[in-house]
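Asker: Residue numbers (our numbering): 45 to 469.
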């Protein structure tokens, strides 16, 4: 008899499990699949749920995604620092700054302690690698907005190659020249011509729906790992032989029967960001940038991207669009109110020189309760025990929030795919 595999969550990780094992049944709490990789429309304008571009080099992911007609973008992100546009990463593209600021940045870089020792915290890692001036001007204000927590409490295991460490020669070159070699970690990025980032997943979603394997409006509220049963908010239940979950770990642990208090307590200590999205349709646009980082503390948003630059299909002819990302601590804080968030982003639109308020056709405000996991030092200690206990009771977590790991979208898909392959035995 074929074993019944149940997947909780139809985001990209859950779809990864299904791609590995099409016999799996996916249960999704909302009205559609895709999770953070989905999107929404406002009239004739299309927006992703925060900035998404594909840059995976994994052969399996590329084979799936490349079935979709897509644009190829050469990444050229920007940073807005002290009211000035710099090429990203800012630390080796300081040329547009006033001479005095460039001198202080280089002096601080020369005095840095350097890496190669146990820094203990993300804040110290940044100070050791870039020096005090760059830390205070570039890194601290941005990362406090993006992570919404004390940088001293964050660990470093999540960083990988996400933050570029330039040589002294690169920093000096970037103070003298406006055109420097591209040091971004991805040299090419891809985006569907139509349908947003979700278009990459649409074939899998359609197949699962047509085969009756994707069940919507199914919010799991209780898991019995002994009886191998999942109970849903609508009063229904389903038995399973194998259970895969992309539900955020703290929420999952609260619904599983028999969780030890120590494990539950560790789960409650996990922190994450949420994100308030302020999306705008524009009559025109003075600046067309794919995406950019906003370091200045007097602007709420940490990042923004322009859907109309990712694909012209995302906005009507003669129009442009932009989406601001305002992060908040999902455990200790809440999203900013709509009025304050929209007003701040309208002011930022003019500070950034993108457009004037008179060019704004509409604003749209919505909140995503989960944006990213926060890599606390304490989490690095607690997470292995949580995952080990889930394995003991036969629950396989997948994806960014299921595994509580800073995964890009392709990595989240592969976490589900490899879990599904392993589950097939």
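For each residue, glycine too, the CB sits at the ideal point set by N, CA and C.
Taking Cβ to Cβ, would you say residue 286 is nearer than 7 angstroms to residue 467?
Answerer: yes
Asker: What number of angstroms, rounded off, separates the C-alpha of residue 112 from the C-alpha of residue 246?
Answerer: If you draw a straight line from the Cα of residue 112 to the Cα of residue 246, it is about 10 angstroms long.
Asker: Can you name the residues that DSSP bridges to residue 338?
Answerer: 124
Asker: CA-CA distance, residue 126 and residue 347?
Answerer: 15 angstroms
Asker: Locate the beta strand (DSSP E) running through residue 89, then write down its first and last residues.
Answerer: 89 to 92
Asker: Which whole-angstrom value describes the C-beta separation of residue 448 and residue 427, a residue pair presumed to lie in contact below a C-beta threshold of 8 angstroms?
Answerer: 6 angstroms
Asker: Taking 7 angstroms as the cut-off, decide whether the C-beta atoms of residue 109 and residue 244 are in contact.
Answerer: yes
Asker: If you compare alpha carbons, which of 425, 328, 356 is closest to residue 403?
Answerer: 328
Asker: Could you spell out the range, first to last residue, of the alpha helix (DSSP H) harbouring residue 172?
Answerer: 166 to 174
Asker: Are residue 430 and residue 310 closer than 7 angstroms when you measure CB to CB?
Answerer: yes
Asker: In the DSSP output, which residue or residues are listed as bridge partners for residue 471?
Answerer: Residue 471 lies beyond the stretch modelled for the chain, which goes from 45 to 469, so this question has no answer here.
Asker: By alpha-carbon positions, which one of 266, 136, 203 ends up nearest to residue 213?
Answerer: 136
Asker: Report buried or exposed for residue 103, applying the criterion of at least 16 other Cβ atoms within 10 angstroms of its Cβ.
Answerer: exposed
Asker: Give the secondary structure of residue 470 by DSSP, where H, G and I count as helix, E and B as strand, and everything else as coil.
Answerer: There is simply no residue 470 to check, as the chain begins at 45 and stops at 469 in what is shown.
Asker: Which partner residues does residue 236 have in the DSSP bridge list?
Answerer: 114
Asker: Which residues share a DSSP beta bridge with residue 259?
Answerer: 71
Asker: Out of 231, 77, 75, 270, state which residue places its alpha-carbon closest to the alpha-carbon of residue 100.
Answerer: 231
Asker: Drop a sphere of 10 angstroms on the beta-carbon of residue 58, count the other beta-carbons inside from all chains shown, and report buried for 16 or more, exposed for fewer.
Answerer: buried
Asker: Where do the N-terminal and C-terminal ends of the beta strand (DSSP E) with residue 187 fall, by residue?
Answerer: Not the beta strand (DSSP E): residue 187 falls in the alpha helix (DSSP H), residues 184 to 191.
Asker: Can you tell me whether residue 324 is buried or exposed, with buried defined as 16 or more other CB within 10 angstroms of its CB?
Answerer: buried
Asker: Please confirm whether residue 450 and residue 417 have their CB atoms less than 7 angstroms apart.
Answerer: yes
Asker: Whose C-beta lies closer than 6 angstroms to the C-beta of residue 266 among residues of the same chain, with five residues either side of it excluded?
Answerer: Excluding residues within five positions, the ones whose Cβ falls inside 6 angstroms are 275, 299.
Asker: Please name the residue or residues paired with residue 348 in a DSSP beta bridge.
Answerer: 336, 368
Asker: Taking 8 angstroms as the limit between beta carbons, can you name the residues of its chain near residue 159, skipping five residues before and five after?
Answerer: Excluding sequence neighbours, residue 159 sits near 169, 172, 173, 209.
Asker: Hey, residue 398 and residue 331: beta-carbon distance below 7 angstroms or not?
Answerer: yes
Asker: State the beta-bridge partners of residue 416 as determined by DSSP.
Answerer: 317
Asker: Pull up the distance between the alpha-carbon of residue 312 and that of residue 420, whole angstroms please.
Answerer: 13 angstroms
Asker: Does the Cβ-Cβ distance between residue 379 and residue 320 come in under 7 angstroms?
Answerer: yes
Asker: Let me make sure I understand the geometry here. Which of 106, 390, 89, 124 has the alpha-carbon closest to that of residue 333?
Answerer: 124
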